[in-house]
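Right, one structure below, let's go through it.
Number of protein chains: 2
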Amino acid sequence: MNTRDKIILLGDNLIRKRGYNAFSFSDISKELNIKNASIHYYFPTKTALVIAIIQKHLILLEKFKEKVSEKDSVQKIIKFLSVYSITKSEGRISILGSLSNDYFTFTAEVQTELKILTNNTLNWLTDTLKEGRQQGFFHYDMEDRKKALIIITNILGAEQLSRVTDNYDFHKIKEAIINDLIK
Amino acid sequence: MNTRDKIILLGDNLIRKRGYNAFSFSDISKELNIKNASIHYYFPTKTALVIAIIQKHLILLEKFKEKVSEKDSVQKIIKFLSVYSITKSEGRISILGSLSNDYFTFTAEVQTELKILTNNTLNWLTDTLKEGRQQGFFHYDMEDRKKALIIITNILGAEQLSRVTDNYDFHKIKEAIINDLIK
DNA sequence: GTCTATACCTTGATAGAC
DNA sequence: GTCTATCAAGGTATAGAC
Chain X
49 MNTRDKIILL GDNLIRKRGY NAFSFSDISK ELNIKNASIH YYFPTKTALV IAIIQKHLIL
109 LEKFKEKVSE KDSVQKIIKF LSVYSITKSE GRISILGSLS NDYFTFTAEV QTELKILTNN
169 TLNWLTDTLK EGRQQGFFHY DMEDRKKALI IITNILGAEQ LSRVTDNYDF HKIKEAIIND
229 LIK
Chain E
49 MNTRDKIILL GDNLIRKRGY NAFSFSDISK ELNIKNASIH YYFPTKTALV IAIIQKHLIL
109 LEKFKEKVSE KDSVQKIIKF LSVYSITKSE GRISILGSLS NDYFTFTAEV QTELKILTNN
169 TLNWLTDTLK EGRQQGFFHY DMEDRKKALI IITNILGAEQ LSRVTDNYDF HKIKEAIIND
229 LIK
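Right under this line is the structure:
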């Protein structure tokens, strides 16, 4: 992996573990055994770095969509939830949850990128739920987008709260989401 | 209101709007037209301030419990959710959501206080759900604590995501939580 | 209780050599 | 592409006068 990608990966992990305003370029430079000036070579500002990180997640989302495109709706949702589960390991939460929290401390440009990632995620989930509902896999009585919102917010909140309470809580909630859908 | 309480109130608002690691003593001192040294007179460290803020919320929770103690379970839950709604005004999220996010950047002492506040909240909600279920108001088929977890995490996530998407989303989700319970 | 003054550190960022 | 050197700004925190 080249240095640029390593910086993005470390920044990503730091944001999701400690938050955007709680990590510095020196956290990354120490880990990579380079100087902070070298990071500025790749990313002139911290804002540029976080944008690159969001864009990486946009690409990952597209790859995920592609990868599960042939599966049935139930499997799609299970895979979707499992991404958030792996993501959460070692206390890291999803990029969406972490960055939403620091939303008001971002420049307009970062806010826009974050909105795009959020909407792309929400749109895919809405479409997948609709598909599963129409095919008789899922059962719920509300707008598809509303159900999608509830599932996403439930996951984001669960990631957050699991830090304080107990990691097992997270699994309980994921189980409940699936059971509620296919009941 | 005395200076100490003003500092706590401003710190509370700043944490819930921008996060613990994104505000400084000078944000508070400017607002109060005092010097940063004066804040240190009341709170020697930033850690001491956040602990005082958590303890204020512990007291607020006790007052809330007392205030709704005579109401029926449905009203209790509605009041509980409405607290989170008011809380969210102007983009401020709940103290639980905001501090959970910065959990790994806190000292052990702050983490402990936050755990206490979280558990107290969760315990009250669990008991209230159980009461309402036993009295036939609420209908769900899982452990009471699990249902309490789902409700809390749903609210925390909704507060978070509403910043990025649309405030109206938050109301939609609250509605859905109530409807799901009493359906 | 609030101030001035200041110490000390970390931050994000830049200039220019290699 | 990475380094040294350096910067200005802002952070938490403290000492001591008033």
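Those sequence lines, one after another, are chains X and E.
With our numbering applied, the first sequence covers 49 to 231.
With our numbering applied, the second sequence covers 49 to 231.
C-beta atoms are modelled at their ideal positions from N, C-alpha and C, and glycine is treated no differently.
Residue nearest to residue i in terms of C-alpha spacing, selected from the options
| i | options | result |
| --- | --- | --- |
| aspartate 60 of chain X | X:Ala196, X:Ile141, X:Thr155 and X:Asp217 | X:Ile141 |
| threonine 201 of chain X | X:Ile55, X:Asn227, X:Tyr151 and X:Ile221 | X:Ile221 |
| isoleucine 76 of chain X | X:Leu165, X:Arg64, X:Leu144 and X:Leu58 | X:Leu58 |
| asparagine 69 of chain X | X:Ile87, X:Leu147 and X:Gln123 | X:Leu147 |
| isoleucine 163 of chain E | E:Leu144, E:Thr176 and E:Met190 | Note that residue 163 of chain E corresponds to lysine in the displayed sequence, not to isoleucine. Of E:Leu144, E:Thr176 and E:Met190, the residue nearest in Cα terms is E:Leu144. |
| phenylalanine 185 of chain E | E:Lys231, E:Asn168 and E:Glu223 | E:Lys231 |
| asparagine 50 of chain E | E:Glu110, E:Ile87, E:Val116 and E:Phe71 | E:Ile87 |
| asparagine 227 of chain E | X:Gly205, X:Thr213, X:Met190 and X:Ala224 | X:Met190 |
| histidine 219 of chain E | X:Asp192, X:Gln182, X:Ile198 and X:Glu118 | X:Ile198 |
| glycine 139 of chain E | E:Arg64, E:Leu229, E:Glu179 and E:Lys54 | E:Arg64 |
| lysine 119 of chain X | X:Glu179, X:Ala196, X:Asn84 and X:Thr93 | X:Glu179 |
| lysine 94 of chain X | X:Leu62, X:His105, X:Gln123 and X:Leu109 | X:Leu62 |
| lysine 113 of chain X | X:Leu229, X:Leu204 and X:Asn168 | X:Asn168 |
| lysine 54 of chain X | X:Ser72, X:Leu80, X:Arg66 and X:Lys194 | X:Leu80 |
| isoleucine 102 of chain X | X:Phe71, X:Lys83, X:Gln159 and X:Ser137 | X:Gln159 |
| phenylalanine 91 of chain X | X:Phe73, X:His105 and X:Lys111 | X:Phe73 |
| glutamine 182 of chain X | X:Gly205, X:Leu109 and X:Leu229 | X:Leu229 |
Assigned exposure category for residue i - 16 Cβ within 10 Å defines buried
| i | result |
| --- | --- |
| histidine 187 of chain E | exposed |
| asparagine 149 of chain X | buried |
| arginine 211 of chain X | buried |
| threonine 176 of chain X | buried |
| glutamate 207 of chain E | buried |
| serine 133 of chain X | exposed |
| glutamate 161 of chain X | buried |
| phenylalanine 107 of chain X | Note that residue 107 of chain X corresponds to isoleucine in the displayed sequence, not to phenylalanine. With fewer than 16 other Cβ atoms within 10 Å, it is exposed. |
| serine 121 of chain E | buried |
| arginine 52 of chain E | exposed |
| aspartate 192 of chain E | buried |
| aspartate 214 of chain X | exposed |
| alanine 196 of chain X | buried |
| lysine 124 of chain E | buried |
| alanine 85 of chain E | exposed |
Cross-chain neighbours of residue i in chain E, by beta carbon under 8 Å
| i | result |
| --- | --- |
| alanine 224 of chain X | Met190, Lys194 and Ile198 |
Listed by chain order, chain X residues near residue i by CB distance under 9 Å
| i | result |
| --- | --- |
| isoleucine 203 of chain E | Thr201 and Gly205 |
| valine 131 of chain E | Under the 9 Å cutoff, chain X gives no residues; its nearest Cβ is about 16 Å from valine 131 of chain E. |
Chain-ordered neighbours of residue i on chain X, where CB pairs are closer than 7 Å
| i | result |
| --- | --- |
| arginine 52 of chain E | Within chain X, no residue comes near arginine 52 of chain E; the closest Cβ sits about 26 Å away, beyond 7 Å. |
| aspartate 217 of chain E | Leu197 |
Per-residue contacts from residue i into chain E (C-beta, under 9 Å)
| i | result |
| --- | --- |
| glutamine 208 of chain X | Leu144, Gly145, Ser148, Asn149, Tyr151, Thr201, Leu204, Gly205 and Gln208 |
Interface partners of residue i on chain E, CB under 7 Å
| i | result |
| --- | --- |
| glycine 139 of chain X | Phe152 |
Partners in chain X for residue i, counting only beta-carbon separations shorter than 8 Å
| i | result |
| --- | --- |
| lysine 220 of chain E | Lys194 and Leu197 |
Residue i beta carbon near the ligand NAD (any heavy atom closer than 7 Å)
| i | result |
| --- | --- |
| isoleucine 125 of chain X | Looking for the ligand NAD in the displayed structure turns up nothing, as the structure carries no ligands at all. |
* Under 7 Å (Cβ pairs) to chain X, residues found in the segment 151 to 180 of chain E -> The segment 151 to 180 of chain E vs chain X, Cβ under 7 Å: Tyr151, Phe152, Thr153, Leu162, Lys163 and Thr166.
* Cβ contact check for the segment 172 to 187 of chain X and the segment 121 to 135 of chain X: 3 or more pairs under 8 Å -> The segment 172 to 187 of chain X and the segment 121 to 135 of chain X touch, with no fewer than 3 CB-CB distances between them shorter than 8 Å.
* Against chain E: residues of the segment 88 to 99 of chain X by CB proximity under 8 Å -> Hits within the stretch: zero.
* To do: For the segment 62 to 92 of chain X, enumerate the residues whose C-beta is nearer than 7 Å to any C-beta of chain E, in chain order.
  => Correct list: Lys65, Arg66, Gly67, Asn69 and Ala70.
* To do: Give a yes or no on contact between the segment 152 to 162 of chain E and the segment 87 to 101 of chain E, applying the rule of three or more CB pairs nearer than 8 Å.
  => Counting Cβ pairs under 8 Å, three or more are found: they touch.
* To do: Select from the segment 110 to 123 of chain E all residues with a C-beta closer than 8 Å to any C-beta belonging to chain X, and list them in chain order.
  => Against chain X - using a Cβ distance shorter than 8 Å - the segment 110 to 123 of chain E contributes no residues.
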